[in-house]
Amino acid sequence: MERIERILKECGIETYLIRKIRRESTELFYIKKKLDLRRITDVADMTVCIFKDVEKDGAKLRGRNDIIVDESMTDDEIREKIKAAAFAATCAPNKFFTLPDPEKSEEIVKDSDLMGMDDKDIADAFVKALYEEDHDDKAFINSFELFVYNYHVAIKGSTGVDVAYTKKEVSGEFVAQCKEPQDVETYQGFEYDSLATNDLKKLVRDTLVLTKDRAVATNMPKKGNYDVVLSGKYLQELMTFFLDRSNAAYVYQGYSNYEVGKNIQGEDVKGDALNIKLGVNDPFNDEGIRMIERPFIEKGVLRTLHGAQRFCDYLGIPKIGTYSKVLLPEGSVKSDELKKNCLHVVNFSDFQMDSLDGHFKGEIRLAYLYDENGNRSVVTGGSVNGSIIEGMKDLKFSREMQKLANYEGPEVIKIRNVAVSGE
Amino acid sequence: MKVKGSNYIKSNKPLFKKLVDELLKEYEYVTLLAQDGNGKNYAVSKSGITITSDSRVLVQRGFVVKVYSEGCFAEYSGNSISEEEIGKIVSRIKTDLVTLEKDADKSSYKIPEDEAVVFEKSTEYEIDPDEMGDEAIVARLKEVFDKGISMDERVLNCNVRADYQKYSKLFLSKNKDLEQNVMYTTGAVMVMTLKGEEVKMGYGPFSGLCGMELLKRYDDVLESTVKTAIELLDSEPLPPGEYECICDPATTGMIVHEAFGHGVEMDMFVKDRALAKYNIGEYVASPLITMHDGPDLDDTATFFFDDEGTLCKDTVIIDKGVLVTGMSDLQSAGALGTEPTGNGRRQDYMRKAYTRMTNTYFEPGKDKLEDMIASVKDGLLLQEPSSGMEDPKNWGIQCMVTLAREIKDGKLTGRIFSPIILTGYVPDLLKSITMVSDEAEECGTGYCGKGYKEWVKVSDGGPYIKARIRLG
Chain A
11 MERIERILKE CGIETYLIRK IRRESTELFY IKKKLDLRRI TDVADMTVCI FKDVEKDGAK
71 LRGRNDIIVD ESMTDDEIRE KIKAAAFAAT CAPNKFFTLP DPEKSEEIVK DSDLMGMDDK
131 DIADAFVKAL YEEDHDDKAF INSFELFVYN YHVAIKGSTG VDVAYTKKEV SGEFVAQCKE
191 PQDVETYQGF EYDSLATNDL KKLVRDTLVL TKDRAVATNM PKKGNYDVVL SGKYLQELMT
251 FFLDRSNAAY VYQGYSNYEV GKNIQGEDVK GDALNIKLGV NDPFNDEGIR MIERPFIEKG
311 VLRTLHGAQR FCDYLGIPKI GTYSKVLLPE GSVKSDELKK NCLHVVNFSD FQMDSLDGHF
371 KGEIRLAYLY DENGNRSVVT GGSVNGSIIE GMKDLKFSRE MQKLANYEGP EVIKIRNVAV
431 SGE
Chain B
11 MKVKGSNYIK SNKPLFKKLV DELLKEYEYV TLLAQDGNGK NYAVSKSGIT ITSDSRVLVQ
71 RGFVVKVYSE GCFAEYSGNS ISEEEIGKIV SRIKTDLVTL EKDADKSSYK IPEDEAVVFE
131 KSTEYEIDPD EMGDEAIVAR LKEVFDKGIS MDERVLNCNV RADYQKYSKL FLSKNKDLEQ
191 NVMYTTGAVM VMTLKGEEVK MGYGPFSGLC GMELLKRYDD VLESTVKTAI ELLDSEPLPP
251 GEYECICDPA TTGMIVHEAF GHGVEMDMFV KDRALAKYNI GEYVASPLIT MHDGPDLDDT
311 ATFFFDDEGT LCKDTVIIDK GVLVTGMSDL QSAGALGTEP TGNGRRQDYM RKAYTRMTNT
371 YFEPGKDKLE DMIASVKDGL LLQEPSSGME DPKNWGIQCM VTLAREIKDG KLTGRIFSPI
431 ILTGYVPDLL KSITMVSDEA EECGTGYCGK GYKEWVKVSD GGPYIKARIR LG
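If you read the sequences in order, they're chains A and B.
Position 296 (the first sequence) corresponds to 306 in this note's numbering; numbering is contiguous.
Position 116 (the second sequence) corresponds to 126 in this note's numbering; numbering is contiguous.
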């Protein structure tokens, strides 16, 4: 990093931010129970953000260009790249914005039981956990990919930012298959920042059950409007609507009318009032801003706007960084109570929340259709197409909780009167 | 003009060769792929001007070596190469890599054939982005933005984008020494309008295996994209049901790619994850349909060899409705006993290769678009796909499109529905195709994922098609 700073100074660059990342990984790829490929990676490079100020019609403007450099480059190569980036920054002048406030910190080692463990041992533990649950006589693991990552991140800037952190993460995906009576499969992804082998085991067990249910599902739901229940990772996706709509870039461009103090849920709320906090995964964001847990939405009222430095500056709001994790308290009703007279979709082809138009939608791979007494039948096919803008006054959350990479909160949500295509 | 080779690859080639030679002393089969990619994203919108040169899918410099050990493969990815590093890399491969899960039951592969081939090939362009310069490129985008934002007072924003990537790749093995230098450019206009709290978006994309000469094409899409964004203000939710539909070339492309293409990626055959495996030689589509994947189309996924050193070629996937073959990477072809088709692709040197599509498309037919619309008594014209998700195991369809235009008694009524989800069973949809237009278009602005990761540049497209589709 010292070499880059020296060259930046030689090139006359006064305002900059450098983010150095070294990423090492151990990767295993299985087909059925056989190891098909082993990989290790060791890659380090730096993103250098270069800022140049220009004046136009008496106004002070600031341009930015980000480049990637690595240690294998010669000084001349880096110098040439930095000069080109400085020129590019002058070609992208925008309304002036300030840079992050000074922030200094010794390297923070993210607290996790993975730290101090050998990557091979971590990989062994997760492989063992997954295959320990692969003993069902009908449903089984079709394929499995595991990634153990080590990240060393250092961020240093001309305005006094000088922070660093280290973390280990495990992520991956597996596909469960059931051949009888229909040959079907279920994709499942996972991300953990601890030795969460028991969580992986539960995920495998649940996915195998779900896959067996899909194998017997033949009927589509009848087309019409349903109270739709969503669970698991789909709540995390649904919550991106509130994160995006409260992002300073959305507000600045007029895509969102959110402002602090606004009752975004509106009056006459029939369901649970929205209470959400902003959560943290990494100690600093890419701009070197310290990330901390913050209030977000309280009783339906927005308490915090977040986002990139530039847009926060334009809106005149505190520069707190961009958040991608939400924390919700438990809801008002037991999940069994929510699962009455509804369509509980447990597996979509690809569930999407479009924060621009407010629609959440996806093709149904497996859903449980519950009658008013809680009796259920399985359905497959058709699709859900609802609007969170229309539905947000009448949301019901479960008391049961779950923990995902970017979501900690109720396991289940019920949304009233959602359009479903089918037979 | 031809795209020039990378200095990084040229200057380090002796080191890469030495690394391969050192590893060949230990392992029977060794390959190395080095890549050097550079590119920029340009955007002009109401929020300002951005030029970024740090997109990880455009800027990539490093290498991956693959070794064959005890019947199975292992890979090391890195971006540091020097005389001193060679010894360290060889040592890490011996001690840390091939020893991983040493006692596990492993797949067993034969050593791939390694035919002697040596070449360096480049694609061509007219205007080099570096020579045109950032200032001129931004000025062109600003001109389009100014025009778009002032076309109608209901336009909330007009986001004008251009991206290019110039990349070089080197593939080395005992007998192969291949180099390729490629450049593609993409452009798009995104026009936003506001209906209450809903932001509606019209999207006009275009692409080519070329340089900044592509920037001329904004004029082709700007007006229609603004018009669509305005029309969407009056859009209604679509009553769910099965409809007679005409798909525009972009929607056809998404059906080709998402609904069918992913299902014939043969690494899915190896895992028993694709229904297509059991339907080779069977009718899976209307006899009006012929489907290709490969470099015959000059678009964003045209190249000369894939990331495993297999030379690229056109592959006919469906011939007049009959499924002929899938597409394959080298390792999957080894497992299945088939020929690789040049579809082994990596997101970058840091990732493994999977079977991936390139330029994937249906051939045009003989019908005129106006005749197709006139033939619809009560149906919809589907336009502007936004995303899709594969389901190779069950040939399910999930494709999202932005709008559907109502057709009554052979005429567009002006009524619009949005947003729309296409669902159903792929062969049912493809067999229901009764008309195929004589005009076709392809586009490569998008990236394709394998599941939820592994993004690679692809293009897809085809003609207008008429089919029965379940919509929600």
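Just so you know, even glycine gets a beta-carbon here, dropped at the ideal spot from N, CA and C.
Between Gly73/A and Lys66/A, the gap from beta carbon to beta carbon reaches 8 Å or more.
Taking a beta-carbon distance threshold of 8 Å, Lys176/B does not count as an interface residue toward chain A. The straight-line gap separating the alpha-carbon atoms of Ser431/A and Thr433/B is approximately 9 Å. Lys176/B and Pro215/B have their C-alpha atoms spaced approximately 20 Å apart. In the DSSP annotation of this structure, Met264/B is not part of any beta strand (DSSP E); the continuous alpha helix (DSSP H) holding it starts and ends at Pro259 to Met264. For His267/B, the three-state secondary structure derived from DSSP is helix.
Neighbours of Ser160/B across chain A, judged by C-beta separation under 7 Å, do not exist; the nearest C-beta is about 16 Å away.
A check of alpha carbon separations from Ser35/A across Leu140/A, Tyr159/A, Glu373/A and Gly298/A identifies Tyr159/A as the nearest.
When the Cα atoms are used, Lys371/A and Leu248/A turn out to be separated by approximately 10 Å. Per DSSP, Ile327/A lies in no alpha helix (DSSP H) segment and is marked neither H nor E.
Put simply, of Leu414/A, Glu37/A and Tyr236/A the residue whose alpha carbon is nearest the alpha carbon of Ala84/B is Glu37/A. Straight-line measurement puts the Cα of Phe306/A at about 9 Å from the Cα of Val270/A.
Under DSSP, Ser469/B takes part in a beta bridge, and its partners are Asn369/B. When the Cα atoms are used, Cys101/A and Glu297/A turn out to be separated by approximately 22 Å. When the beta-carbon positions are compared, Val436/B and Phe270/B come within less than 8 Å of each other. Going by beta carbons, Leu180/B and Ile426/B fall outside the 8 Å limit. Beta-bridge analysis with DSSP links Thr196/B to Asp173/B and Ser217/B. For Tyr141/A, there is no enclosing beta strand (DSSP E); the residue is found in the alpha helix (DSSP H) stretching over Asp129 to Glu142.
In this structure, DSSP gives Arg102/B a helical state, which the three-state scheme calls helix.
Exposed is the label assigned to Tyr462/B, since fewer than 16 other Cβ atoms lie within 10 Å of its Cβ.
In the structure shown, Val386/B adopts coil according to DSSP, grouped into three states. Around the Cβ of Ile121/B, a 10 Å sphere holds fewer than 16 other Cβ atoms; the residue is exposed. Nearest to Asp80/A by alpha-carbon distance, out of Gln70/B, Gly389/B and Val280/B, is Gln70/B.
Spatial neighbours of Lys70/A in its own chain (CB-CB distance under 7 Å, excluding positions within 5 residues in sequence) are listed in chain order as Asp63 and Phe106. Val336/A is bridged by DSSP to Leu288/A and Tyr417/A. Within chain B, the residues whose beta carbon sits less than 7 Å from that of His369/A are Pro429, listed in sequence order.
Pairing Gly273/B with Glu451/B, the inter-Cα distance amounts to about 22 Å. Judged by DSSP secondary structure, Met301/A falls outside any beta strand (DSSP E); it is assigned neither H nor E.
The Cβ atoms of Cys352/A and Asp278/A lie no closer than 8 Å to each other. The Cβ atoms of Tyr293/B and Phe73/B do not sit closer than 8 Å to each other. Between Glu394/B and the set Tyr37/B, Arg356/B and Ser428/B, the nearest pair of CA atoms involves Ser428/B.
The beta carbon of Leu392/B sits closer than 6 Å to those of Cys255, Cys257, Thr261, Val411 and Ala414, all from its chain and outside the five residues before and after it, given in chain order. Boundaries for Leu225/B: no beta strand (DSSP E) harbours it, and the DSSP string shows neither H nor E there.
Secondary structure within the stretch 91–142 of chain B: the alpha helix (DSSP H) runs of 4 or more consecutive residues, fully enclosed, are 93–102 and 139–142 (chain order). No Cβ of chain B is located within less than 8 Å of the beta carbon of Tyr175/A. A Cβ-Cβ separation of about 6 Å places Glu190/A in contact with Ala225/A under the 8 Å criterion.
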